[in-house]
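Read the structure below first, then the notes.
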Amino acid sequence: MTRERIYLFDTTLRDGQQTPGVDFSVEDKIAISNLLDEFGFDYVEGGYPGANPTDTAFFAQKRTEKAAFVAFGMTKRAGISASNDPGLATLLQAKSDAICFVAKSWDYHVRVALGCSNEENLESIRDSVEAARGAAKEAMVDCEHFFDGYKANPEYALACAKTAYEAGARWVVLCDTNGGTQPNEIREIVAAVIAAGIPGTALGIHPHDDTGQAVANALAAIEAGCRQIQGTLNGIGERCGNANLVTLIATLSLKPVYSSRFETSIDPERLTGLTALSHAFDELLNRSPNHQAPYVGASAFATKAGIHASALLKDPRTYEHVTPESVGNFRKVMVSDQGGKSNFINALKRRGIEVAKDDPKLDQLISIVKEREATGYAYEGADASFELLARRTLGTIPEFFKTEGFRVMIERRFDSLGRIKIVSEAVVKISIDGQTLMSVAEAEGPVNALDLALRKDFGKYQHEIDDLVLADFKVRILNGGTEAITRVLIESTDSSGVRWWTVGVSENIIDASFQALMDSVIYKLMKNRELAGKIAAE
Ligand SMILES: [Zn+2]
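Just so you know, we're using my numbering here: the sequence shown kicks off at 425 and counts up by one.
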């Protein structure tokens, strides 16, 4: 049976740019467009040439090899001809394969925001599409506020969409700009658009996630006949974000209700790169991946309770809706105080540690873990620390170095301009092969100073930890009052892209951080020697 093609349109670089706290440089945009192009998206929308220096520079050359490179911009202004509109001229000159015009399709916005007549707006849509086609570019039109516009004035919203289609737009994209439309409304309105004469093969959907249903709305539009989806990596975007293309790609590929009827540019082999794509993007944004993200999160295939864990070991299908390997993720059976013995054996096995059920060292390990978890350690969030603890207990960790101690001083003073200045100085002493190495470092924060000092001189191991990066640092105060216990969780990564989590617990935040830092370094040295096991979602 031939399957219908769904086209994937990524707008991470344009609509995703609207995310609070996200501001792409030209270099960021080049790196992200390479990721998108290599992964296999049909369309990569790069931004709005002419609107800002970054986007203008980005569109100075075509940035994709396989994907169609799309420039975004306004339709021509009312009252002037297409050939006299400088904004449109910039858009036509940008080095893109396609142009996505944004057009008003709600009469209220035409009147209030554009201040032109309904007819003039239709003329702008028509002339802009024709100008793009005249410049040998694929044209598409984002009908802004289409669903709200349709509810207010269906005739006019349809007239906008039809004008774009009849002028030769390859895609007419129906936008849920405010993100409040419900899946059943999407389905009904898309069906009405198709009934009005625009085929689904020329219709796209652009949903926002303001009611948490952007993915559901995209699927509802597909069910109703749309054949292009616009969304972003990890669902970034203005307010609550756009439709998450990572989730949509996995669902369209792995759920028979869709995969039996539709195909995308992402074949099963490419799909195994989905987790890496999602994490690489977070890396570029310098934020830590969402552990609970569907399909690609580190917890997406994690099981905690003991009885589930033993059943999982017998037959993974019992507790998984798809296989983690299909999206390049990993199964993760977590250690926790709820876990039974089989849970531990399983967790160890996952890391390549074989231990017999009746080995007394196993009982010893279980009691150490339970004792430590009672004092505040959380091993289920710190795979690497758990592995190190297990290997230490079972006696399989080489002694790379000895820690002799550390000291941290924090000074708060006024600088020559009378401003408050805080400086932290850390001294770390370790010994390698009987030789003591002492390092001093300064930074604003004490943990940062400690980290700098710790990694300043590692003797013969120095080159081995050069690519170690602390990706995230989380502090939790475990019980109130002045005697609170502090738990520090550190996420580390290196040039191989693998991530690992370590934990430290102490009455002192600096000491807790030091423990987690030490575990991270030791894990890295283990990993370099292929002595460490695999961690989920690496
Ligand atoms: Zn949008």
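Beta carbons: idealized from backbone N, C-alpha and C, even for Gly.
All values reported here derive from a predicted model rather than from experimental measurement.
Thinking C-beta only, is residue j closer than 9 Å to residue i?
| i | j | result |
| --- | --- | --- |
| Gly474 | Ala700 | no |
| Ala492 | Asp521 | yes |
| Ile914 | Asp896 | yes |
| Asp434 | Glu489 | no |
| Ala513 | Ile549 | no |
| Asp634 | Gly659 | no |
| Ala645 | Val614 | yes |
| Gly440 | Gly721 | no |
| Leu902 | Phe882 | no |
| Gln652 | Tyr431 | yes |
| Ala576 | Val596 | no |
| Ala593 | Met564 | yes |
| Arg438 | Glu687 | no |
| Ile889 | Arg900 | no |
| Val494 | Cys540 | no |
| Ala537 | Ser507 | no |
| Ile934 | Pro870 | yes |
| Ile610 | Asn641 | yes |
| Arg382 | Pro748 | As displayed, the chain neither begins before 425 nor continues past 962, which places residue 382 out of reach and without an answer. |
| Pro607 | Leu643 | yes |
| Ser863 | Asp891 | no |
| Gln654 | Asp566 | yes |
| Gly665 | Thr443 | yes |
Go through its chain and collect everything with a Cβ distance to residue i's Cβ below 6 Å, but skip five positions before and after it.
| i | result |
| --- | --- |
| Thr605 | Phe571 |
| Ile618 | Gly624, Gly649 |
| Ile959 | Caution is warranted here: a pLDDT of 47 is assigned to Ile959, below 50, making its placement in the model unreliable, and no coordinate value can be reported. |
| Ser723 | His715, Gln716 |
| Glu544 | Ala502 |
| Asp479 | Gly471, Tyr472, Pro473 |
| Gln485 | Lys519 |
Taking C-alpha atoms, which residue in the options lies nearest to residue i?
| i | options | result |
| --- | --- | --- |
| Lys884 | Leu695, Gln654, Thr435, Phe824 | Phe824 |
| Gly573 | Gly603, Thr827, Asp782 | Gly603 |
| Ile629 | Ser723, Ala667, Gly471 | Ala667 |
| Arg685 | Pro692, Asp691, Leu676 | Leu676 |
| Ser855 | Leu902, Ile901, Thr827 | Thr827 |
| Gly558 | Ala591, Thr727, Arg911, Ile777 | Ala591 |
| Thr671 | Ile610, Glu662, Thr656 | Thr656 |
| Val912 | Val929, Tyr431, Asn903 | Val929 |
| Ala481 | Lys519, Asp466, Asn508 | Lys519 |
| Leu772 | Thr820, Cys664, Thr799, Gln442 | Thr820 |
| Glu707 | Gln442, Arg427, Val446 | Val446 |
| Pro822 | Pro607, Asn952, Gly497, Asp466 | Asn952 |
| Gly497 | Gly636, Ser552, Ser766 | Ser552 |
| Ala560 | Val852, Gln517, Ser766 | Gln517 |
| Ala814 | Asp783, Gly842, Lys853, Phe830 | Asp783 |
| Pro578 | Glu562, Asp566, Asp857, Ala620 | Ala620 |
| Glu547 | Ser505, Glu562, Ile454 | Ser505 |
Output needed for residue i: all residues of its chain with C-beta closer than 7 Å, excluding positions within five of it in sequence on either side, in chain order.
| i | result |
| --- | --- |
| Ala873 | Val832, Ser848, Glu849, Ala850, Ala865, Glu866, Ala867 |
| Asp875 | Leu894, Leu941 |
| Arg694 | Phe463, Gly464 |
| Ala956 | Glu811, Tyr947, Met950 |
| Ile690 | Gly464, Ile673, Ser677 |
| Glu612 | none |
| Gly752 | Thr696, Gly697, Leu698, Thr699, Ala700 |
| Asn542 | Asp531, Val534, Tyr580 |
| Ser449 | Thr478 |
| Asp461 | Val468, Thr488, Glu489, Lys490, Ala491 |
| Ser457 | Leu437, Val468, Gly470, Arg487, Thr488 |
Starting from the C-beta of residue i, find all residues in its chain whose C-beta is less than 8 Å away, skip the five residues before and the five after it, and write them out in chain order.
| i | result |
| --- | --- |
| His745 | none |
| His569 | Lys528, Ser529, Trp530, His533, Cys599, Thr601, Asn602 |
| Phe838 | Ile844, Lys845 |
| Thr817 | Lys785, Gln788, Leu789, Ile792 |
| Val927 | Tyr801, Ala802, Tyr803, Gly805, Ala806, Ser809, Arg911, Val912, Leu913, Ile914, Gln939, Ala940, Asp943 |
| Ser702 | Leu657, Asn658, Val670, Pro713, Ala717, Val720 |
| Glu931 | Glu907, Ala908, Ile909, Thr910 |
| Phe725 | Glu744, Pro748, Asn753, Phe754, Arg755, Lys756, Ala960 |
| Arg483 | At residue 483 the sequence reads Phe, which differs from the Arg that was named. Only Gly470, Gly471, Pro473, Ala495, Ala518, Lys519, Ser520 meet the Cβ criterion. |
Q) Can you list the beta strand (DSSP E) stretches of 3 or more residues lying completely in the segment 450 to 517, in chain order? A) 467 to 471, 492 to 498
Q | Entirely enclosed beta strand (DSSP E) segments - the segment 748 to 817, minimum 3 residues | A | none
Q.
To test your reading of the DSSP string, which unbroken alpha helix (DSSP H) runs of 4 or more residues are found completely within the segment 625 to 699?
A. 638 to 648, 669 to 678, 680 to 683, 692 to 695
Q) What runs of the beta strand (DSSP E), each 3 residues or longer, lie entirely inside the segment 819 to 879? A) 826 to 838, 844 to 856, 859 to 867
Q. Which parts of the segment 893 to 956 are runs of the beta strand (DSSP E), unbroken and 3 residues or longer, counting only runs that do not cross its ends?
A. 893 to 901, 910 to 917, 923 to 930
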